[in-house]
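Quick note: the sequence shown, position 79, residue 1195 per our numbering, numbers continuous. C-beta atoms are modelled at their ideal positions from N, C-alpha and C, and glycine is treated no differently.
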Amino acid sequence: MDRTTILTELKKVLVPYTENKTMLDGITEETDLIKDLKINSANLVDIIIDAESQYNIEIDFDSAEKMYLIGNCIDIISDKLNQSA
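Written out as structure tokens, the structure is:
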């Protein structure tokens, strides 16, 4: 799965947790989930759980700690998908 596809699907995961939905249209790999999208830190756990379900992967604690930038999320999801392939 390529980075663009992961980003498109990740946007769908983020919708319920993003107050300003128009912000999702302009996200890039440098977008910060907390600072830019105003997602509270408690919801990050929910996002990780939703991503695990969406991609049928398991995200360990060390990886989860790095999931604050969209690019990091894509890297981790991509790595986990490649490990399970």
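- Taking the Cα of ILE1164 as reference, the smallest distance to any Cα among LYS1154, TYR1184, ASP1152, GLU1146 is reached at TYR1184.
- The Cβ atoms of TYR1133 and ILE1150 do not sit closer than 8 angstroms to each other.
- The shortest CA-to-CA distance from SER1179 to any of ASP1191, SER1169, ASN1172 is the one to ASP1191.
- Per the coordinates, the alpha-carbon of ILE1173 lies some 10 angstroms from the alpha-carbon of ASN1198.
- Residue range 1119-1130 is occupied by the alpha helix (DSSP H) that includes LEU1123.
- With a 10 Å radius around the Cβ and a threshold of 16 neighbouring Cβ atoms, ALA1158 comes out exposed.
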